[in-house]
Amino acid sequence: MSSYIESLDRKEIIKKAKQRMNHFSDLYRLLCVGISVPGISYGGISVAGGSSVSHSKKILYEIEKKDERYAEIEEVLLAMERLDPCESEILFLKHIMMKNINQISNMIGKSKSPTYEVLNDAYFRIAVVLNLK
């Protein structure tokens with residue numbers, strides 16, 4: 168009987184994890200800036216006077232979508248906490264700090280090849296934690 172981990176297609180799982188982490192990275196960068204909707208500042212919510220009903224619906228929709236995106240970000244961040252500290256650090260540097268593999272290698276004091284291996288292991292493990300199939 169094979170284990171759950173052995174039954175997974177490692178290359179396919181890593182590919183899906185990279186896609187998910189790139190999506191996470193995009194969302195993270197977008198939400199750091201905030202939602203740009205005319206007539207509202209989502210940080211201190213100040214709605215311009217005389218907003219139309221359709222404009223208000225648009226604002227509510229954007230706030231709702233933002234909450235869904237926050238949930239996606241939170242899910243990935245919580246999954247990263249469950250990884251080995253070295254794996255979490257590499258994913259953090261790659262997808263939050265937007266460092267390339269050479270910069271990451273220099274920062275953690277490893278050559279490029281072992282860093283790349285740890286990164287792939289991190290992708291695989293986060294895929295398992297996030298239940299990506």
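For what it's worth, our numbering labels the leading residue of the sequence shown as 168, then goes sequentially.
Each residue gets a CB set at the ideal place from its N, CA and C atoms; glycine is no exception.
Everything numeric in this text was worked out from a predicted model, so none of it was measured.
Query	Result
Span separating the alpha-carbon of I275 from that of T282	8 Å
Alpha helix (DSSP H) segment containing R292, residue limits	K279 to V296
M247, DSSP secondary structure in three states	helix
M265 (DSSP reduced to helix, strand or coil)	coil
Reduced DSSP secondary structure (H/G/I, E/B, other) of K183	helix
K279 versus N269: straight-line alpha-carbon distance, rounded	6 Å
K183 versus R292: straight-line alpha-carbon distance, rounded	12 Å
L245 burial status per 10 Å Cβ neighbour count (16 or more: buried)	exposed
Coarse secondary structure for D193, derived from DSSP in three states	helix
Whole-Å CB distance - I257 paired with L194, under 8 Å assumed	Incorrect: roughly 19 Å between the Cβ atoms, too far for contact.
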